[in-house]
Amino acid sequence: MPAAAQPPDEVQALLDAAVDGVVLLDHLGCIQSFSRSAEQLFGYRAQEVLGRNVGVLMTDQDRSAHDGFLARYVSTRVPHIIGTGREVSARRKDGSVFAAFLSVGVVRDTEPPRFVGFIQDRTLQRRTGEEARRLQERLGHVSRLATVGETASGLAHELNQPLAAIANYAQACERLLARPGADLEEVREALREIASQAVRAGDIIRRLRGLAGPHRGPREPADINTLVTELSDLVKSDTEAHHVRYRLELTEGLPKVETHGTQIQQVILNLVHNAVEALKETPDKDRELIVRTSRSDDGDVELSVSDTGPGVSATLLPQLFEPFSTTKPDGTGLGLAISRTIIAQHRGTLSYRPNVPCGACFVLRLPSTRGGNA
Ligand SMILES: Nc1ncnc2c1ncn2[C@@H]1O[C@H](COP(=O)(O)OP(=O)(O)OP(=O)(O)O)[C@@H](O)[C@H]1O
Ligand SMILES: [Mg+2]
């Protein structure tokens, strides 16, 4: 083992005062000096590591990479790690591993070159970063819950209708059955109503979960055109049943977007279904629905759903995306609220503008994944 040259007292004092672990290395990466903070960080006494290769302070994987960095610098003088530093997995004497940031500098006018390494314990930062991320996720969840909280009275009202209907029909059944020679067909009809109202109530609750639940599962890059064309059969069965002409205008070569399961497709279906419903008020020959994809000026991916129906009325407009805003007798008014929440979770926006010359146009804008071309 080569003997390690001790630095002068002033330098040693400086090293010992440093908060980061400081090590001096020779051109082969052997430790020449080991500061007091490095002793605390790694659990080694300086005497135990002087003369040993710095790799003893790293995990096997980082050790081989690091050997390469120093050797390459000594032969080529092209700095890789030098002057920039990098995240490494450091290893203590007891074998435990911790996250560290290692910066390496060359000691001037030394030949062969000697190096000085600063090792910063990153455990705390990493933990803080993770906590911040968790907090952010929770905050997103809480704000969505708050939205649901605000609409609790709306929810009570919405659920009250099917529940009251169920109670009425159940009482009717009882009355019908109490009559001599009861008409079973009438009873059956009332029971069918009970079932359908119960399904409606369940549907409201199920859809509300979309607003409240934190989303799970991986995000995947997807081509927006593929997402739309996959829905073609479903959309066509809806449009053909209502005599609506359906046209796709897809821009090729769009960047990919990040999607979470089938959520984006659910949003598209919501918008298409709203358009088809709005078009019921328009004469058959003028019913047209267009789904377009394009790229916005700032590189986002856009999808619009436009129709030639009556458009959104001025009175509804301020609450258009609020839960339970509906003009339909059977609508829950959750479609757009949930769609906007989903798109926000994808870091995108969902907005409305009047269609030209008439009707409604909903525009969904999603950030493209970095460098992900279709
Ligand atoms: N394409 C459209 N043209 C005209 N009005 C629309 C259009 N899309 C939505 N609206 C209006 O916005 C309201 C809210 O739509 P939203 O999808 O949130 O709820 P809904 O369709 O009424 O009920 P559901 O929860 O069943 O979707 C609709 O009731 C309708 O008045
Ligand atoms: Mg709807």
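Start counting at 1 in the sequence shown, then tack on 42, and there's your number in this note's numbering. In this text, a Cβ means the ideal position worked out from N, Cα and C, and glycines have one as well. Predicted, not measured: the structure shown is a model, and the values here were computed from it.
Between aspartate 342 and serine 393 the beta-carbon gap is near 12 Å, outside 8 Å, which marks them as no contact.
In this structure, the beta-carbon distance from leucine 233 to asparagine 267 does not fall below 7 Å.
Counted as a single uninterrupted DSSP element, the beta strand (DSSP E) harbouring aspartate 349 occupies residues 343 to 349. Taking one beta carbon from each stretch, the stretch 310 to 322 and the stretch 357 to 364 have fewer than 3 pairs nearer than 8 Å; the two do not touch. Looking at Ala59, Gly85 and Gly93, the one whose alpha-carbon comes closest to that of serine 75 is Gly93. Proximity annotation: ligand 2 has residues Asn316 and Gly377 in chain order, each selected because its CB is closer than 5 Å to a heavy atom of the ligand.
In the DSSP assignment, isoleucine 332 forms a beta bridge with Arg289 and Ser348.
By the Cβ neighbour-count rule, serine 238 is exposed, with fewer than 16 other Cβ atoms within 10 Å of its own.
Taking a cut-off of 8 Å on C-beta distances, the stretch 150 to 158 does not touch the stretch 125 to 134, as fewer than three cross pairs fall below it. Taken through DSSP and simplified to helix, strand or coil, arginine 94 comes out as coil. Excluding the 5 residues flanking it on each side, glutamate 200 has same chain C-beta neighbours closer than 7 Å at Ile246, Phe366 and Thr374, in chain order.
In this structure, the straight-line span from the alpha carbon of glutamate 216 to that of leucine 273 is close to 45 Å. In the three-state reduction of the DSSP assignment, proline 263 falls in the strand class.
Non-local beta-carbon contacts of serine 346 in its own chain, meaning distances under 6 Å to residues more than five positions away in sequence, involve Arg334, Cys403 and Val405 in chain order.
Nearest C-alpha to proline 263 among Ala142, Glu300, Asp102 and Asp58: Glu300. With a beta-carbon spacing of about 5 Å, isoleucine 384 and glutamine 305 fall inside the 8 Å limit used to define contacts. Take the alpha-carbon of aspartate 280 and the one of isoleucine 332: they are about 14 Å apart.
Distance from the CA of glycine 127 to the CA of alanine 60, rounded to the nearest whole angstrom, comes to 17 Å. The continuous beta strand (DSSP E) containing phenylalanine 143 extends over residues 139 to 149.
With contacts defined by Cβ atoms closer than 7 Å, glycine 85 and aspartate 163 do not form a contacting pair.
In the structure shown, the three-state DSSP call for glycine 63 is strand. With a beta-carbon spacing of about 6 Å, alanine 379 and phenylalanine 363 fall inside the 8 Å limit used to define contacts.
Looking at the DSSP output, cysteine 215 shares a beta bridge with no other residue.
Scanning Ala88, Arg230 and Asn95 for the CA closest to the CA of leucine 70 turns up Asn95.
The beta carbon of glycine 351 lies closer than 7 Å to those of Ala317, Ala320, Leu321, Glu323, Thr324, Gly401 and Ala402 in the same chain, with the five residues before and after it left out. By the neighbour-count criterion, in which 16 or more other beta carbons inside 10 Å mark a residue as buried, alanine 80 falls on the buried side. Around the beta carbon of serine 338, fewer than 16 other beta carbons lie within 10 angstroms, which makes this residue exposed. A direct Cα-Cα distance of roughly 17 Å separates leucine 57 from cysteine 72. Secondary structure of glutamate 272 (DSSP, three-state): helix.
Annotation: glycine 390 is outside any alpha helix (DSSP H) and is labelled neither H nor E by DSSP.
Relative to ligand 1, the nearest heavy atom lies less than 6 Å away from the CB of aspartate 349.
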